[in-house]
Amino acid sequence: MAKIGLVLNFIGTVILAFSLIKSNKTIKNESGTYYGGNQYIESSLIKNRRIAIVGLSFLAIGFILQMF
1 MAKIGLVLNF IGTVILAFSL IKSNKTIKNE SGTYYGGNQY IESSLIKNRR
51 IAIVGLSFLA IGFILQMF
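In my numbering, the protein residues as written are 1 to 68.
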């Protein structure tokens, strides 16, 4: 079970790492100032929250499996 836990930890870490990597275009859109608000930042935050939940779930399950 410990090996499965390590694999899940690796997958969770990769998922979290890819959520931090953004293209130059995305960074430009998210850092811009727009009349009526920045629509790009809202969608990015929602996407990042979902990815973080999935990544952290993999990490939590992986750590639990390593105990057995």
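Glycine included, C-beta positions come from ideal geometry on N, C-alpha and C.
My guess is that G12 and L65 are in contact by the Cβ rule of under 8 Å, so how many angstroms apart are they, rounded?
-> Not a contact, Cβ separation roughly 12 Å.
What is the C-beta distance between N9 and L59, in whole angstroms, given that I count them as a contact (C-beta under 8 Å)?
-> About 6 Å; that satisfies the 8 Å criterion.
Which value, in whole angstroms, describes the spacing of the CA atoms of V41 and V14?
-> Looking at the sequence itself, residue 41 is Ile, so the reference to Val does not match. Linking I41 to V14 through their CA atoms gives a straight-line distance of about 23 Å.
Going along the chain, which residues of its own chain have a beta-carbon closer than 6 Å to the beta-carbon of I61, five neighbours each way excluded?
-> Once the five neighbours on either side are set aside, the close Cβ partners of I61 are L8.
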